[in-house]
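Trainee: Below is one structure. I have some questions about it.
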Amino acid sequence: MKSHTPNNFRIILLIGAIVFATVVVILLFANHKQQELIVGPQITPSQESVEVFVDNVLLRRGVQNSIYSTTLRPNIVLRFRSTINFQSLQLQINDSENVLVNEFHGATSFADDSVVFEPAYALAPQKYKLRLEYTEPTGSSKSLDFDLTIGYLDSFTTPLTKSKVWLIPKGNPADWFVVDNEKLLVQTKTTEYKHGSLAFLYPFSSDITVDFEFTPLGKRVGLVFYFLNSTRNEFVLGGVGNKATILFHHPSELPEIRGRSFEMTAGVRYHARFVRKDFVYQLAIRPLEFDEQVNPNFKFSASEVVLEYVDNDRIQAPDGGSDQVGLALWQNSDGVVIDNFYIRGTAWELLR
193 MKSHTPNNFR IILLIGAIVF ATVVVILLFA NHKQQELIVG PQITPSQESV EVFVDNVLLR
253 RGVQNSIYST TLRPNIVLRF RSTINFQSLQ LQINDSENVL VNEFHGATSF ADDSVVFEPA
313 YALAPQKYKL RLEYTEPTGS SKSLDFDLTI GYLDSFTTPL TKSKVWLIPK GNPADWFVVD
373 NEKLLVQTKT TEYKHGSLAF LYPFSSDITV DFEFTPLGKR VGLVFYFLNS TRNEFVLGGV
433 GNKATILFHH PSELPEIRGR SFEMTAGVRY HARFVRKDFV YQLAIRPLEF DEQVNPNFKF
493 SASEVVLEYV DNDRIQAPDG GSDQVGLALW QNSDGVVIDN FYIRGTAWEL LR
């Protein structure tokens, strides 16, 4: 009988060679894929050593950041992703160095990975430019620039004496301003003064937008929105009543400007927006649905704009001066409940 051992051996060698070649090909392919992963596009995290938060909102570069704060002194928080030279840290706002605190070590909170600045004074609701300068561990200097608009929201969730936005002038009876169920109730209980229940808001220096919710408690509504110019010491008022809206200058010899008739209903919630833009004053009012909340980004229709007035004098407040915006309730008016008050230091188009 003829032996088949050599043939079997050859077959075994052939199979082994095939298996070895297959393993080599697999390893080479895997190594090639690994090299592809290594040299391929990489997603790298931000290389900035510092993140900047204003009122818990992370600021982004290259965009207009909008902040709605519940305090006139919103905290600015710096969070460090790597070590920096603290001695070189500088904060600038609107080209003024270190206006937020007297000195860096006066920050309200200091930790290894963060520092909290509380502004030394109230920040007006307006547009700001914020610059942060620091030195990296390598010795290279860095600067980060941010654009932001600060606005304010007050839902009257604190006692009025500790309110964050409202400043009540001295001499007004305390019972004219009542916080009821975390809302502001404004009411007049005297005929001694021409108008009462005056509430100032923080001063501003240019354009402004005010949104808020109000509910008339009776048929007679004399709610007034006013701007006090620090140069001329005059009022520009826009009033809403149960049958009409008006806006006029003070002193009284100036002609009265009337807006579109607007009839309000007691107990109904309304959304009001008052805008001053380039000396043009606009007032829009609309009723709110049962469970609808005031939306400062709401787009009013043309029919909801009840008044527009152009100030042809166009006198700017002097350097260092500012205007004030506020509310008043005319004498013998029924009460008004005010809530969800937004104020922004920029003019928003009523019709967007």
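Under this note's numbering, the first residue of the sequence shown carries the number 193, and numbering increases by one thereafter.
Yeah, the Cβ is synthetic: ideal placement off N, Cα and C, and Gly gets one too.
Give me whichever residues DSSP pairs with residue 399 in a beta bridge.
Mentor: Translated into positions along the sequence shown, residue 399 becomes position 207. In the DSSP output, where bridge partners are listed per residue, residue 399 has none listed.
Trainee: Excluding the five sequence neighbours on either side, which residues of its own chain have a C-beta within less than 7 Å of the C-beta of residue 246, listed in chain order?
Mentor: As a working note, residue 246 is residue 54 in the sequence shown. Only 259, 266, 268, 340 meet the Cβ criterion.
Trainee: To which residues of the same chain is residue 462 closer than 6 Å at the C-beta, ignoring the five residues directly before and after it?
Mentor: Against the sequence shown, residue 462 aligns to sequence position 270. If we look at residue 462 and ignore the five residues flanking it on each side, its Cβ neighbours are 406, 477, 479.
Trainee: From residue 410 to residue 326, what does the alpha carbon distance come to, in whole angstroms?
Mentor: Translated into the one-based positions of the sequence shown, residue 410 becomes position 218. Translated into the one-based positions of the sequence shown, residue 326 becomes position 134. Note on geometry: alpha-carbon atoms of residue 410 and residue 326 lie some 58 Å from one another.
Trainee: Mind listing, in chain order, the continuous beta strand (DSSP E) runs of no fewer than 3 residues lying wholly within the stretch 473-511?
Mentor: 497-502
Trainee: Which of helix, strand or coil does DSSP assign to residue 214?
Mentor: One-based indexing of the sequence shown puts residue 214 at position 22. Helix at residue 214.
Trainee: Please report how far the alpha carbon of residue 165 lies from the alpha carbon of residue 494, in whole angstroms.
Mentor: Lying outside 193 to 544, the shown extent of the chain, residue 165 is not represented and no answer is given.
Trainee: Using a Cβ-Cβ cut-off of 6 Å (strictly less than) and excluding sequence neighbours within five positions of residue 488, which residues of its own chain qualify?
Mentor: Working through the sequence shown from its first residue, we reach residue 488 at position 296. Around residue 488: 403, 534.
Trainee: Counting along the chain, where does the beta strand (DSSP E) carrying residue 261 start and finish?
Mentor: For the purposes of this step, residue 261 is identified with residue 69 of the sequence shown, where counting begins at 1. 256-261 is the extent of the beta strand (DSSP E) around residue 261.
Trainee: Here's a check: name, in chain order, each residue in its chain whose Cβ is nearer than 8 Å to the Cβ of residue 249, leaving out the five neighbours to either side.
Mentor: As a first step, residue 249 is located in the sequence shown; it is residue number 57 there, counting from the start. Cβ neighbours of residue 249 beyond the five flanking positions: 257, 259.
Trainee: Taking only the alpha-carbon atoms, compute the straight-line gap between residue 525 and residue 414 and give it to the nearest angstrom.
Mentor: Your numbering for residue 525 matches position 333 in the sequence shown. Your numbering for residue 414 matches position 222 in the sequence shown. Looking at the two C-alpha atoms, the distance is approximately 5 Å.
Trainee: What is the DSSP secondary structure of residue 283, reduced to helix, strand or coil?
Mentor: Here residue 283 corresponds to residue number 91 of the sequence shown, with the count starting at 1. In the structure shown, residue 283 sits in a strand (DSSP, three-state: E or B).
Trainee: Between residue 498 and residue 466, is the Cβ-Cβ spacing less than 8 Å?
Mentor: Here residue 498 refers to the residue found at position 306 of the sequence shown. Here residue 466 refers to the residue found at position 274 of the sequence shown. Contact annotation: residue 498 and residue 466 have beta-carbon atoms that are not nearer than 8 Å.
Trainee: Where do the ends of the beta strand (DSSP E) carrying residue 327 lie?
Mentor: Here residue 327 refers to the residue found at position 135 when the sequence shown is read from its first residue. Start and end: 319-327.
Trainee: On the criterion of 16 or more Cβ atoms from any shown chain inside 10 Å, does residue 295 qualify as buried, or is it exposed?
Mentor: Residue mapping note: residue 295 aligns to position 103 of the sequence shown, counting from 1. Any reading at residue 295 must be qualified, since the residue scores a pLDDT of 39, below 50, and its modelled position is unreliable; no value is offered.
Trainee: Compute the beta-carbon to beta-carbon distance between residue 344 and residue 261, rounded to the nearest angstrom, for a pair I have assumed lies under 8 Å.
Mentor: Translated into the one-based positions of the sequence shown, residue 344 becomes position 152. Translated into the one-based positions of the sequence shown, residue 261 becomes position 69. 6 Å between Cβ atoms; contact.
Trainee: Comparing alpha-carbon positions, which option in 337, 520, 417 lies nearest residue 379?
Mentor: As a working mapping, residue 379 is identified with position 187 in the sequence shown. Of the candidates 337, 520, 417, the one whose C-alpha sits nearest the C-alpha of residue 379 is 520.
Trainee: To the nearest angstrom, how far is the alpha carbon of residue 283 from that of residue 417?
Mentor: Against the sequence shown, residue 283 aligns to sequence position 91. Against the sequence shown, residue 417 aligns to sequence position 225. Distance between the alpha carbons of residue 283 and residue 417 is about 36 Å.
Trainee: Along the beta strand (DSSP E) that carries residue 377, what are the first and last residues, could you check?
Mentor: Taking the sequence shown and counting its residues from 1, one reaches residue 377 at position 185. 375-378 is the extent of the beta strand (DSSP E) around residue 377.
Trainee: Assuming residue 307 and residue 336 are in contact, meaning their beta carbons sit under 8 Å apart, how far apart are those beta carbons, in whole angstroms?
Mentor: Walking along the sequence shown from the start, residue 307 turns up at place 115. Walking along the sequence shown from the start, residue 336 turns up at place 144. Not a contact, Cβ separation roughly 15 Å.
Trainee: Given this structure, state the Cα-to-Cα distance separating residue 254 from residue 503, to the nearest angstrom.
Mentor: Here residue 254 refers to the residue found at position 62 of the sequence shown. Here residue 503 refers to the residue found at position 311 of the sequence shown. If you take the alpha carbons of residue 254 and residue 503, they lie about 34 Å apart.
Trainee: Verify whether the separation of the beta carbon atoms of residue 450 and residue 438 is less than 8 Å.
Mentor: Within the sequence shown, the letter at position 258 stands for residue 450. Within the sequence shown, the letter at position 246 stands for residue 438. Yes.
Trainee: Who are the Cβ neighbours of residue 473 in its own chain at under 6 Å, not counting the five residues just before and after it?
Mentor: Along the sequence shown, one-based indexing puts residue 473 at 281. 501, listed in sequence order.
Trainee: Closer than 6 Å by C-beta to residue 251: which residues in its own chain qualify, once you throw out the five before and the five after it? Chain order, please.
Mentor: Here residue 251 is taken as the residue at index 59 of the sequence shown, counted from 1. Closer than 6 Å at the Cβ level, and outside the excluded window around residue 251, lie 244, 257, 338.
Trainee: Per DSSP, what kind of secondary structure is residue 144 in: helix, strand or coil?
Mentor: Residue 144 lies beyond the stretch modelled for the chain, which goes from 193 to 544, so this question has no answer here.
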